[in-house]
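Engineer:
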Amino acid sequence: MRDRRMILFGLVRGAAAIAVALAVGAIFIFLSSKEPFTALRYLLIGPFLSFHGGEIAFNTQNFYQVLAAMIPTIFTGLAVCVMFSANQFNLAAEGCVLVGAFTGSLVGIYVNMVTGLHAVVCVLIAAAVCGLIMLIPSLLKVKLGASEMVTSLMLNFVLLYVVLHFLNYHFADRSKGATMTFPFLESSKIPSLVPGNSKLTWGFVIALIVAVVVWFFMYRTRWGYAIRMIGINESFSLYSGMNVGGTIVLSSVFGGVLAGMGGSIEVLGRFNTFQWRELPGYGWTGITIAILAKNNPAAVPLAAFFLAYLNKGCQLMATHSDVPSEMIDIIQATIFLFFAAEQFMSGFRQKLVVKTTREELKKMESVNVLEEESGHASTTV
Amino acid sequence: MEEQELVVRMEKISKVYPNGIAANRDVDFSVKKGEIHALIGENGAGKSTLMKILFGLEQPTDGNIYLNGEKVTLASPLVAISKGIGMVHQHFMLVPSLTVAENIVLGMAPKKSGIFIDNKEAVRLTREYSEKYNLHVDPDARVADIAVGMKQKVEILKALVRGARVLILDEPTAVLTTQETGELFQELKNLKEKGFTIIFISHKLKEIKELTDRITIMRSGLSVGVYETDSISEQEISRLMVGRDVVLKVSKTESVPAETVLTVNDLHYINEWDKKTLNGVSFAVRSGEIVGIAGVEGNGQRELVDILFGLKLPASGDARVSGQSLIGLPQARIRHLGVSYVPEDRMTFGVAQTASIQENVISDRYSRKEFNNGPLFNMKSLHKESDKLIVDYAVLCKSRSQEVGMLSGGNIQKVVVAREFSSDPILIIADQPTRGIDVGATELIRKRLVELARAGCAVLLVSADLNEVMELSDSLIVMYNGRIAGYFDDGKWDDVMMGEYMLGLKSQSDEEIRRACHA
Numbered sequence: 176m177r178d179r180r181m182i183l184f185g186l187v188r189g190a191a192a193i194a195v196a197l198a199v200g201a202i203f204i205f206l207s208s209k210e211p212f213t214a215l216r217y218l219l220i221g222p223f224l225s226f227h228g229g230e231i232a233f234n235t236q237n238f239y240q241v242l243a244a245m246i247p248t249i250f251t252g253l254a255v256c257v258m259f260s261a262n263q264f265n266l267a268a269e270g271c272v273l274v275g276a277f278t279g280s281l282v283g284i285y286v287n288m289v290t291g292l293h294a295v296v297c298v299l300i301a302a303a304v305c306g307l308i309m310l311i312p313s314l315l316k317v318k319l320g321a322s323e324m325v326t327s328l329m330l331n332f333v334l335l336y337v338v339l340h341f342l343n344y345h346f347a348d349r350s351k352g353a354t355m356t357f358p359f360l361e362s363s364k365i366p367s368l369v370p371g372n373s374k375l376t377w378g379f380v381i382a383l384i385v386a387v388v389v390w391f392f393m394y395r396t397r398w399g400y401a402i403r404m405i406g407i408n409e410s411f412s413l414y415s416g417m418n419v420g421g422t423i424v425l426s427s428v429f430g431g432v433l434a435g436m437g438g439s440i441e442v443l444g445r446f447n448t449f450q451w452r453e454l455p456g457y458g459w460t461g462i463t464i465a466i467l468a469k470n471n472p473a474a475v476p477l478a479a480f481f482l483a484y485l486n487k488g489c490q491l492m493a494t495h496s497d498v499p500s501e502m503i504d505i506i507q508a509t510i511f512l513f514f515a516a517e518q519f520m521s522g523f524r525q526k527l528v529v530k531t532t533r534e535e536l537k538k539m540e541s542v543n544v545l546e547e548e549s550g551h552a553s554t555t556v
Numbered sequence: 376m377e378e379q380e381l382v383v384r385m386e387k388i389s390k391v392y393p394n395g396i397a398a399n400r401d402v403d404f405s406v407k408k409g410e411i412h413a414l415i416g417e418n419g420a421g422k423s424t425l426m427k428i429l430f431g432l433e434q435p436t437d438g439n440i441y442l443n444g445e446k447v448t449l450a451s452p453l454v455a456i457s458k459g460i461g462m463v464h465q466h467f468m469l470v471p472s473l474t475v476a477e478n479i480v481l482g483m484a485p486k487k488s489g490i491f492i493d494n495k496e497a498v499r500l501t502r503e504y505s506e507k508y509n510l511h512v513d514p515d516a517r518v519a520d521i522a523v524g525m526k527q528k529v530e531i532l533k534a535l536v537r538g539a540r541v542l543i544l545d546e547p548t549a550v551l552t553t554q555e556t557g558e559l560f561q562e563l564k565n566l567k568e569k570g571f572t573i574i575f576i577s578h579k580l581k582e583i584k585e586l587t588d589r590i591t592i593m594r595s596g597l598s599v600g601v602y603e604t605d606s607i608s609e610q611e612i613s614r615l616m617v618g619r620d621v622v623l624k625v626s627k628t629e630s631v632p633a634e635t636v637l638t639v640n641d642l643h644y645i646n647e648w649d650k651k652t653l654n655g656v657s658f659a660v661r662s663g664e665i666v667g668i669a670g671v672e673g674n675g676q677r678e679l680v681d682i683l684f685g686l687k688l689p690a691s692g693d694a695r696v697s698g699q700s701l702i703g704l705p706q707a708r709i710r711h712l713g714v715s716y717v718p719e720d721r722m723t724f725g726v727a728q729t730a731s732i733q734e735n736v737i738s739d740r741y742s743r744k745e746f747n748n749g750p751l752f753n754m755k756s757l758h759k760e761s762d763k764l765i766v767d768y769a770v771l772c773k774s775r776s777q778e779v780g781m782l783s784g785g786n787i788q789k790v791v792v793a794r795e796f797s798s799d800p801i802l803i804i805a806d807q808p809t810r811g812i813d814v815g816a817t818e819l820i821r822k823r824l825v826e827l828a829r830a831g832c833a834v835l836l837v838s839a840d841l842n843e844v845m846e847l848s849d850s851l852i853v854m855y856n857g858r859i860a861g862y863f864d865d866g867k868w869d870d871v872m873m874g875e876y877m878l879g880l881k882s883q884s885d886e887e888i889r890r891a892c893h894a
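Chains as they are written, first to last, in the numbering used here: chain A, 176 to 556; chain B, 376 to 894.
Dropping the structure here:
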């Protein structure tokens, strides 16, 4: 009884959060727009339907773009999932995406290799470097007790300026007006999955496969199990004899590996040179995704799709109506707020709990009465 | 006494926490003006919850609160304070880096020209109150530098300055030395004469007899009676407090102790308030026997068990299992030696609440070869293991994938016990293994403990439930004040006799106690 009620409660709560967020978004649209219905239409169904002179058709290119936008955020979402599962509020996925993209690019520019193998090596080296970087906040946490939230947040900026230093002074293509590297070798590029200009590459397939692998890691291996148990109750894990410190480091390193893969796959698939001059933001999106997915890797692609879809919807809305694209920040923030707010609908939850407990107590009492009646009150075992 | 008005009247208070634990069930509680009223009960009996409700820290699920006959809603401590309720918490709520006077006026500091804190006025206020109520403190001392007894006075003053007429003291003597306790009692009696009402939470019977006028006794979320302190004996109180309505009899054969498994040698422990909570404890547990440790809570049992399972380090002394010292070992190593532990605080140490039953029963063995196929879990053998444990320990659940936190208290404890008892231990430390759980689960756990002991396991049973230790133990250690007050191995004990040792009225000679070491 209790179980079913709580699962149902979780679903209702999630749907309610999204509904409230869209309603809040709609209020702002109605307040600020002269053509609210056009705006809403583009926001909600624009990403896969196009409207030309009253004719409605499936818009493949828009839809591919939505899928392409999921590639880096699936990786960062998974990275954050793994780290949050160990109850590590590690925010360095953001910096790792940047470093992963940069190191992947360098290997893609300066190392000669056969097509096929080259891209794989780029991604693996980027992943390894980012895994090593994550040793910094996790070892500081485990050995010295430094808050991983603070160290990883600051680490992002350290990484940004280290990358900018190397980009500006060592690897910039001086023949170009803007600061960028030399172009990637063709052999290192991630090939496109579909025709057209959507940037939907094989990276998308890899991201989905990695999501499955991460799910298996978290739910079907002893390391993932230890990570999850430590996240749920560290005292319990310690008492059970688990290596708590080592597992925390492992989760962070794995998070770094995933973020590094995401960064390198994104640049090698989407661009011809490396030219990021600020933090790309995929790490932050990864946090939103992990929270929406409740740290479950299997739900990460869905959450990534939801956000990519909303993003595209907002872009289209901004292009085709008078509503600015910043609207997405309002909607995202509202969803985030209601998902993260423990107290959202907690009154309703408390009522359910009280009701269930009362029922259980009543059932227990009636069992006790039965026992007493049949003379089992003083039982000999 | 009859004409005295009721300052506090709580009527049919119920409290269900979000995790489904019913901490209070239809509790009636009332306090007369100008009395010292004891609220007594085991840990988890619901007394702290009731007082948190009275101080506005928790909201009742049901029930009404009347202060001086007027119905009130105490939405927060601020409201409670404004209605004249003050609470002194067991763990002091003071800012160590501020002075005594600054702490006392914190949040209501007198201001100079509306901006700057008027320190002189704060000191004056502190002096005034401290003289008026005979609670002597140094207003300029830093809280970090003063003794525990002094901090408590600061806490009481803090409440008085805020206009409290009803003072709630949550186990105030737990951290005090004997002299400080005597001083505190004098001060409390003083306050009573000045017309203050005091609610005194404790489980030390002697103190309650000495200090209080009336007693409310709580057990498992219910109030089991209100008495004039003079009209009830310590024995009667202890019976009502720990007594069970159903006395469970466990049939057991004579124990045949074999080789020594656990030896504890002269353990000392000094807690964070510089109080000696373990003062030279030595004993041994042999395979095949159940050694029970009885005692009123807070007499060193907690520290002893924590040291044995590596959760605390002793000041001196040693504990060995099969010759290997446990001191400073990580839990994995301690478990590897064959030690199992049923923790008192099952929600913190015993289970991961939001994980499944399966995930909870494998937490000590998940990395064994038999449960892994290369890098992957062997789900089949994990399922088999957990299904077997669920059946063996009669865990009432829908399936192995049900969340542990959704089970009843008794079934959660069965999950813990299933894991701890099934790892082929040579020593089981069972700390309050049946506290707060239903009769069925209690029976099962006790029966399994006896079976394991008879099969050759050494069992150390720590329990505040006197019936339980007396019923299950082959030999019995009574702890009082960080020491062993008595050791009994003849099976001839009764609750009156135990009570005398538990409350420090009697104690054995060193020679008799040394027998516990079997050396």
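Built from N, CA and C at the ideal position, the CB exists for glycine as well. Note that the structure is predicted; figures quoted are calculated from it, not measured.
1) Per the DSSP calculation, residue 390/B is bridged to which residue(s)?
2) Which whole-angstrom value is the C-beta distance of residue 637/B and residue 726/B, which I expect to be below 8 Å?
3) Grab me the residues of residue 777/B's own chain with a C-beta within less than 7 Å of its C-beta, minus the 5 sequence neighbours each way, in chain order.
4) For the region 400-430 of chain A, which residues have a CB atom closer than 8 Å to at least one CB atom of chain B, in sequence order?
5) With distance defined between alpha-carbon atoms, name the residue in 751/B, 437/B, 440/B and 804/B nearest to residue 685/B.
6) If contacts are defined as beta-carbon pairs under 8 Å, then residue 212/A and residue 223/A qualify, I think. What distance do you get, rounded to the angstrom?
7) Please decide whether residue 248/A counts as near chain B, where near means a Cβ-Cβ distance under 8 Å.
8) When DSSP labels each residue in this structure, what does residue 733/B get in the three-state scheme?
9) Can you list, in chain order, the stretches of the alpha helix (DSSP H) that have 4 or more residues and sit fully within the region 616-699 of chain B?
10) Along chain B, which residues have their Cβ under 9 Å away from the Cβ of residue 188/A?
11) In whole angstroms, what is the alpha-carbon distance linking residue 385/A and residue 190/A?
12) Do you know whose CA, among 529/A, 317/A and 523/A, lies nearest residue 183/A's CA?
13) Under 7 Å Cβ-Cβ, which residues of chain A neighbour residue 710/B?
14) Tell me the DSSP bridge mates of residue 513/B?
15) Tell me, please, whether the CB atom of residue 216/A is closer than 8 Å to any CB atom in chain B?
16) Below 9 Å on C-beta distance, what does residue 734/B contact in chain A?
17) Can you give me the Cβ contacts of residue 634/B inside the same chain, cut-off strictly under 7 Å, excluding the 5 residues immediately before and after it?
18) Do we get a CB-CB distance below 8 Å when we pair residue 349/A with the residues of chain B?
19) So with Cβ pairs under 8 Å, would you call residue 529/A a contact of chain B?
20) Would you mind sorting residue 469/A into buried or exposed? The rule is 16 or more other CB atoms within 10 Å of its CB.
21) Can you find the residues in the same chain that come closer than 6 Å, C-beta to C-beta, to residue 293/A, ignoring five residues on each side of it along the sequence?
22) Exposed or buried, residue 412/B, counting other C-beta atoms within 10 Å across all chains shown (16 or more means buried)?
23) Helix, strand or coil for residue 401/A per DSSP?
24) Residue 434/A and residue 250/A: beta carbons closer than 8 Å?
25) Start and end of the beta strand (DSSP E) containing residue 413/B?
26) Is it right to say residue 758/B is buried, meaning 16 or more other beta carbons lie within 10 angstroms of its own, or is it exposed?
27) Taking the straight line between their C-alpha atoms, what separation do you get for residue 492/A and residue 402/B?
28) State the beta-bridge partners of residue 593/B as determined by DSSP.
29) Starting from residue 741/B, find everything on chain A with Cβ-Cβ shorter than 8 Å and list it in chain order.
30) My parser needs the alpha helix (DSSP H) runs of 4 or more residues fully inside the region 292-320 of chain A; what are they?
31) Can you give me the C-alpha to C-alpha distance between residue 735/B and residue 415/A, rounded to a whole angstrom?
32) May I ask you to list, following chain order, the residues of the region 747-770 of chain B that have a beta carbon less than 9 Å from some beta carbon of chain A?
33) In angstroms, rounded to a whole number, what distance separates the CA positions of residue 308/A and residue 407/A?
34) According to DSSP, simplified to helix, strand and coil, what is residue 224/A?
35) Hey, how far is the Cα of residue 826/B from the Cα of residue 866/B?
36) At a CB-CB cut-off below 8 Å, which residues of chain A make contact with residue 718/B?
Structural biologist: In short:
1) Partner(s): 399/B.
2) Here residue 637/B is actually not in contact with residue 726/B; their C-beta atoms are around 25 Å apart, not less than 8 Å.
3) 731 and 732
4) 400, 401, 403, 404, 407, 408, 410, 411, 412, 413, 414, 415, 416, 417 and 418
5) A check of alpha carbon separations from residue 685/B across 751/B, 437/B, 440/B and 804/B identifies 804/B as the nearest.
6) Wrong, their Cβ atoms sit about 18 Å apart, outside the cutoff.
7) no
8) helix
9) 676-683
10) The contacting residues do not exist; residue 188/A stays about 14 Å from chain B at best.
11) Each residue's alpha carbon lies about 27 Å from the other.
12) 523/A
13) 416
14) Residue 513/B is not bridged to any residue.
15) no
16) 400, 403, 404 and 407
17) 661 and 662
18) no
19) yes
20) exposed
21) 362 and 363
22) buried
23) The answer is helix: DSSP assigns residue 401/A an H, G or I state.
24) The answer is yes: Cβ separation under 8 Å.
25) 411-416
26) Label assigned to residue 758/B: exposed.
27) 59 Å
28) 416/B and 598/B
29) Per Cβ cutoff of 8 Å: 397, 400 and 401.
30) 292-308 and 310-314
31) 10 Å
32) 747, 750, 751, 752 and 754
33) 25 Å
34) strand
35) 18 Å
36) 414
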